[in-house]
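Chains as they are written, first to last, in the working numbering: chain A, 1 to 133; chain B, 1 to 202.
The structure appears right after this line, and notes come after that.
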């Protein structure tokens, strides 16, 4: 039993659409899948996050492939400083508890892929001493 | 660049790469021997499945609850981990507690120190006698203490080595500067590593 989540590109320019695919090979027909495009913060403080777009789809067979595409977003850009990083990710969630147990045995963590959304497809980096390296 | 364990750290450090970022601290598993679990659960049972886990801020009470929740889940029991935010209305929390209790779930109220004694009594007055619940906070209030947590330098060292084995910092100094508060000591470690320049570590 396997589920894969893949994005066609890791780095995206601001406003560029984000596409990829979900594939699964399971013992039975899966329940509804949910894909989220969301950002989160990582760093010294509490984590903040926001879901920007969501796609729901039904797996019609035990084995299948679904191609997805999110509309391009402009903000917030991927960012890294000393105290905070803003990270974009595409997340696959299934609400079915049995599926969660099968797919996500490690504390029910959803499958997630980190991507970069920023000017020219690059993360904005703001670190002191950056120039000294 | 400095190689630290299986990871490659680049200085100056990006927040997302900092090994002491909140997400990494939150993912640390609580360390408890099987004997300690048995002792904790026996005390809880003897107290009528009501009790308090006490200890100062940053010592790992929430981590213990999370680990206990996972352990209970493995034993086919469900626990709801709830938290009261200082200044928030208490009624929604009470309703949430009763919702979980109606489903025969165990209630963990984290940070109950934010609730005054009167509020805590009011909150729990409507609980059925068979309800199973635990609070955490600096004091046990009117409940039996089922575990009193204390931080230790050895524990801090162990956690530091798990997060970043070759951190190169003096753990004793960090622990002393944080006055024995493990979470604060990690915050100091975060700052130290975040502001470390490329020239000072290569």
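Even glycine gets a Cβ: it sits at the ideal position worked out from N, Cα and C.
8 Å Cβ cutoff, residue i in contact with chain A
i	result
residue 255/B	No information on residue 255/B is available, as it lies outside the stretch 1 to 202 that chain B covers here.
residue 195/B	yes
residue 160/B	no
residue 15/B	yes
Below-8 Å beta-carbon distance, residue i vs any chain B residue
i	result
residue 85/A	yes
residue 52/A	no
residue 81/A	yes
residue 89/A	no
Whole-angstrom C-beta distance between residue j and residue i, which should lie under 8 Å
i	j	result
residue 18/A	residue 116/A	That pair is no contact at about 10 Å.
residue 84/A	residue 15/B	5 Å
residue 84/B	residue 112/B	7 Å
residue 33/A	residue 57/A	5 Å
residue 72/B	residue 109/B	No, residue 72/B and residue 109/B are not in contact; Cβ-Cβ is about 15 Å, not under 8 Å.
residue 51/B	residue 145/B	7 Å
With 16 other Cβ atoms within 10 Å as the buried cut-off, status of residue i
i	result
residue 119/A	exposed
residue 132/B	buried
residue 35/B	exposed
residue 75/B	exposed
residue 165/B	exposed
residue 125/B	exposed
residue 2/A	exposed
residue 128/B	exposed
residue 115/B	buried
residue 185/B	buried
residue 61/B	buried
Under 8 Å between C-beta atoms of residue i and residue j
i	j	result
residue 188/B	residue 167/B	no
residue 52/A	residue 22/A	no
residue 207/B	residue 169/B	Coverage of chain B is limited to positions 1 through 202, which leaves residue 207/B absent and any answer about it impossible.
residue 21/B	residue 29/A	no
residue 8/A	residue 20/A	yes
residue 30/B	residue 81/B	no
residue 40/A	residue 87/A	yes
residue 198/A	residue 26/A	Because chain A is modelled from 1 through 133, residue 198/A falls outside the range shown and cannot be assessed.
residue 13/B	residue 82/A	yes
residue 63/A	residue 24/A	yes
residue 151/B	residue 180/B	yes
residue 123/B	residue 103/B	no
residue 175/B	residue 18/B	no
residue 44/B	residue 134/B	yes
Ignoring anything shorter than 3 residues or poking outside the region 82-120 of chain B, list the beta strand (DSSP E) runs there in chain order.
106-110
Starting from the N-terminal side, write out each stretch of the beta strand (DSSP E) that is 3 residues or longer and does not extend beyond the region 15-57 of chain A.
Secondary structure remark: continuous beta strand (DSSP E) runs of at least 3 residues inside the region 15-57 of chain A, in chain order: 18-25, 32-43.
Segments assigned alpha helix (DSSP H), at least 4 residues, entirely inside the region 157-196 of chain B
The alpha helix (DSSP H) runs lying completely inside the region 157-196 of chain B and spanning 4 residues or more are 171-177, 182-194, given in chain order.
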